[in-house]
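Asker:
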Amino acid sequence: MGQNTPAQKIGDVNSLTVTDNRTGKQYTVPISRNSIPATAFKAIKAPKGPKDRDEDETEKGLRISDKGFLNTAVIESRITYIDGDAGVLRYRGYPIEQLAEQSNFLESAYLLIYGSLPSKTQYSTFENEVLLHGVMHADAAGFFRAFRYDAHPMAMLTSAYAYLGSYYREANPSLEGQALYTKGAKGDEAALRNMDKQIYRIIGKATTLAAMAYRVRQGREFVTPPTGLSYAASFLYQLDHLSPSDANYRPHPVLERALDILFILHADHEMNASSTTVLQTGSSLVDPYSAVAAGCASLYGPLHGGANEAVIRMLISIGSPDNVPAFLAAVKKREKVLSGFGHRVYKTSDPRSFIIRKVADEVFAVTGKDELLDTAMALHDAAIKDEYFVSRKLAPNVDFWSGLIYRAMGFPLDFFPVLFVVPRVVGWLAHWRQMMLSPDGVKIWRPRQIYVGAEKRDYVPVDAREPVDGPMMSPSVVPHSGVTKRRNISEIKSKL
Numbered sequence: 073m074g075q076n077t078p079a080q081k082i083g084d085v086n087s088l089t090v091t092d093n094r095t096g097k098q099y100t101v102p103i104s105r106n107s108i109p110a111t112a113f114k115a116i117k118a119p120k121g122p123k124d125r126d127e128d129e130t131e132k133g134l135r136i137s138d139k140g141f142l143n144t145a146v147i148e149s150r151i152t153y154i155d156g157d158a159g160v161l162r163y164r165g166y167p168i169e170q171l172a173e174q175s176n177f178l179e180s181a182y183l184l185i186y187g188s189l190p191s192k193t194q195y196s197t198f199e200n201e202v203l204l205h206g207v208m209h210a211d212a213a214g215f216f217r218a219f220r221y222d223a224h225p226m227a228m229l230t231s232a233y234a235y236l237g238s239y240y241r242e243a244n245p246s247l248e249g250q251a252l253y254t255k256g257a258k259g260d261e262a263a264l265r266n267m268d269k270q271i272y273r274i275i276g277k278a279t280t281l282a283a284m285a286y287r288v289r290q291g292r293e294f295v296t297p298p299t300g301l302s303y304a305a306s307f308l309y310q311l312d313h314l315s316p317s318d319a320n321y322r323p324h325p326v327l328e329r330a331l332d333i334l335f336i337l338h339a340d341h342e343m344n345a346s347s348t349t350v351l352q353t354g355s356s357l358v359d360p361y362s363a364v365a366a367g368c369a370s371l372y373g374p375l376h377g378g379a380n381e382a383v384i385r386m387l388i389s390i391g392s393p394d395n396v397p398a399f400l401a402a403v404k405k406r407e408k409v410l411s412g413f414g415h416r417v418y419k420t421s422d423p424r425s426f427i428i429r430k431v432a433d434e435v436f437a438v439t440g441k442d443e444l445l446d447t448a449m450a451l452h453d454a455a456i457k458d459e460y461f462v463s464r465k466l467a468p469n470v471d472f473w474s475g476l477i478y479r480a481m482g483f484p485l486d487f488f489p490v491l492f493v494v495p496r497v498v499g500w501l502a503h504w505r506q507m508m509l510s511p512d513g514v515k516i517w518r519p520r521q522i523y524v525g526a527e528k529r530d531y532v533p534v535d536a537r538e539p540v541d542g543p544m545m546s547p548s549v550v551p552h553s554g555v556t557k558r559r560n561i562s563e564i565k566s567k568l
């Protein structure tokens with residue numbers, strides 16, 4: 073971007089005029105879709121000043137500093153739209169409220185991935201393919217049983233997706249050529265078929281892998297996905313089917329529909345941490361199984377997929393409705409954390425929270441009222457009326473109620489993130505597919521940094537060095553016990 077170019081003169085409506093006070097020069101940056109290109113600022117250069125370091129790269133142009141991506145758009149997308157101030161969430165233009173009320177998970181998955189609601193024939197084909205690909209290779213049983221008895225199910229699931237990719241050579245651009253998927257942008261039918269096949273596999277096997285992670289810790293045999301059930305019902309069947317005598321076993325329809333709605337609500341949420349991780353990883357043109365495994369690892373974190381678990385632990389710690397005022401007082405003093413309220417994007421109510429509240433009532437009517445519900449309601453009612461939280465726009469989000477539903481349905485706390493991954497693979501795949509089919513091609517994501525470390529310094533021999541001590545400045549001394557302690561105080565003579 074040059075300085076005052078003819079096409080972008082100062083005063084143009086669709087442009088931004090920037091004055092560099094270091095040099096007095098003015099620059100014009102184009103505005104498109106209410107955004108500006110970060111690379112345009114590379115043209116804004118200045119001589120190195122007295123306070124500038126070589127590492128500041130002053131003469132190479134300005135960089136954009138945005139820690140945590142607070143206001144950086146990393147991609148153009150047609151998939152999900154969020155207006156955080158208005159509390160709006162739409163998949164491909166359709167309000168989430170309409171989809172939760174009238175659609176089902178696989179239909180919404182089709183919408184997210186392919187861009188429009190399917191016809192009856194299109195939906196039948198998609199549903200059949202997804203459910204057909206739910207069956208796992210027999211070797212997977214040994215894979216899951218190789219984990220410790222108390223392994224976290226998310227550790228198993230993350231590993232399982234990477235493991236799954238090892239079965240499909242035709243899915244790996246590292247083995248079949250880096251244009252394996254990107255040539256689909258030019259209409260290559262073989263590339264599109266290959267891409268769709270991996271999408272069917274990943275969505276179809278999501279419930280199977282999750283159910284295997286669930287059952288292995290209980291010492292149960294694994295269940296082959298049934299035929300004739302919906303996606304959500306098939307998942308519940310794989311979790312709970314016990315014996316051949318259960319041939320006519322069918323999950324409760326209220327729980328089936330509740331899980332299906334929860335899956336719709338969690339299917340995508342724009343550029344969240346895990347979706348961004350999938351795209352960052354996918355930009356290297358790695359296979360989609362590895363990209364999904366990376367997404368799982370990102371979602372595993374307590375600031376992302378563990379949020380609804382944190383709500384339950386918070387409610388347990390509060391103990392009873394009588395303790396809510398004291399808890400909120402502690403939150404205001406920053407002695408406690410209020411989980412399930414507020415959102416990085418939504419500055420008003422999370423639109424999913426209203427839908428899920430209704431689902432919670434339907435589930436509790438079947439399962440019975442959870443013992444934490446009274447505490448949850450007391451906390452909810454107190455917080456939404458308290459000016460401290462209202463002024464900070466801390467309204468209930470989807471995690472506040474989803475944890476209560478999962479708990480009422482009998483899922484252990486550490487399985488909650490898995491119930492997030494199962495539907496979220498759809499959003500990950502939608503964004504991955506969009507990237508692979510970009511007409512501009514795929515560029516590897518390579519963010520910049522602002523280096524604030526030491527300037528150039530010369531190597532000092534070990535005998536001439538002064539120790540650098542202090543917090544975070546040297547490695548910690550870790551206490552040892554057991555065999556390590558005994559060996560450390562023993563005399564060990566190695567054989568040469």
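If you want our numbering, it's the 1-based position in the sequence shown plus 72.
Backbone N, C-alpha and C fix where the C-beta goes; we use that ideal spot for every residue, glycine too.
At 4 residues or longer, what runs of the alpha helix (DSSP H) sit wholly inside the segment 403-472?
Answerer: Qualifying alpha helix (DSSP H) stretches, in chain order: 423-439, 445-457 and 459-463.
Asker: In this structure, how does DSSP classify Val-207 when only helix, strand and coil are distinguished?
Answerer: Val-207 falls in the coil class under three-state DSSP.
Asker: Between Gly-214 and Asp-268, what straight-line distance do the alpha-carbon atoms span, to the nearest angstrom?
Answerer: So the alpha carbons of these two residues sit roughly 28 Å apart.
Asker: Pick helix, strand or coil for Tyr-574, following the three-state DSSP scheme.
Answerer: Residue 574 is absent from the structure shown; the chain starts at 73 and stops at 568.
Asker: How is the alpha helix (DSSP H) around Arg-505 delimited, first residue to last?
Answerer: 488-508 is the span of the alpha helix (DSSP H), which, as asked, contains Arg-505.
Asker: Could you work out which residue in Asn-380, Leu-387, Ser-356 and Gln-521 is closest to Leu-334 when comparing CA atoms only?
Answerer: Ranking Asn-380, Leu-387, Ser-356 and Gln-521 by Cα distance to Leu-334 puts Asn-380 first.
Asker: I need the boundaries of the beta strand (DSSP E) containing Asp-332, first residue and last residue.
Answerer: Element bounds for Asp-332: not the beta strand (DSSP E) but the alpha helix (DSSP H), 325-338.
Asker: Quick check on the burial criterion: 16 or more other C-beta atoms within 10 angstroms. Buried or exposed for Ile-168?
Answerer: So Ile-168 ends up on the buried side.
Asker: According to the neighbour-count rule (16 or more other Cβ atoms, all chains shown, within 10 Å of its Cβ), is Ile-262 buried or exposed?
Answerer: The amino acid occupying residue 262 in the given sequence is Ala; Ile does not appear at that position. It is exposed - the Cβ of Ala-262 has fewer than 16 other Cβ atoms within 10 Å.
Asker: Would you report the Cα separation of Lys-404 and Pro-543, rounded to the nearest angstrom?
Answerer: For Lys-404 and Pro-543, the distance between alpha carbons rounds to 29 Å.
Asker: Closer than 8 Å by C-beta to Pro-551: which residues in its own chain qualify, once you throw out the five before and the five after it? Chain order, please.
Answerer: Once the five neighbours on either side are set aside, Pro-551 has no close Cβ partner at all.
Asker: By the DSSP assignment, the alpha helix (DSSP H) with Tyr-361 in it spans what residues?
Answerer: Note, Tyr-361: alpha helix (DSSP H), 360-371.
Asker: Looking only at its chain, what residues have a beta carbon closer than 6 Å to the beta carbon of Gly-367, apart from the 5 residues adjacent to it on each side?
Answerer: Hits under 6 Å: Ser-346, Thr-349, Val-350 and Trp-500.
Asker: Give the C-beta separation of Gly-354 and Pro-489 to the nearest angstrom, bearing in mind that I take them to be a contact with Cβ-Cβ under 8 Å.
Answerer: Actually they do not touch by this definition, with Cβ atoms about 21 Å apart.
Asker: Can you name the start and end residues of the alpha helix (DSSP H) that Thr-574 belongs to?
Answerer: Here the chain has residues from 73 to 568 only, and residue 574 is not among them.
Asker: For Pro-167, which residues does DSSP report across the bridge?
Answerer: The partner list for Pro-167 (beta bridge, DSSP) reads Arg-162.
Asker: Run through DSSP, which three-state label would Thr-296 get?
Answerer: Thr-296 falls in the coil class under three-state DSSP.
Asker: Please state the DSSP three-state secondary structure of Phe-198.
Answerer: Three-state result, Phe-198: helix.
Asker: Nearest-angstrom Cα distance between Met-73 and Tyr-99?
Answerer: Because the pLDDT at Met-73 is just 41, under 50, the model does not fix this residue reliably, and the value given afterwards should be weighed accordingly. Approximately 8 Å between the Cα atoms of the pair.
Asker: With DSSP collapsed to three states, give me the class of Tyr-309.
Answerer: Tyr-309: helix per DSSP, three-state reduction.
Asker: With a cut-off of 8 Å on the beta carbons, I'd call Ser-411 and Thr-447 a contact; round off their distance for me.
Answerer: Not a contact, Cβ separation roughly 13 Å.
Asker: Taking the alpha-carbon of Met-508 as reference, which of Lys-139, Ala-115, Phe-141 and Ser-149 has the nearest alpha-carbon?
Answerer: Of Lys-139, Ala-115, Phe-141 and Ser-149, the residue nearest in Cα terms is Ser-149.
Asker: How would you label Ile-561, buried or exposed, when you count the other beta carbons within 10 angstroms and need 16 or more for buried?
Answerer: So Ile-561 ends up on the exposed side.
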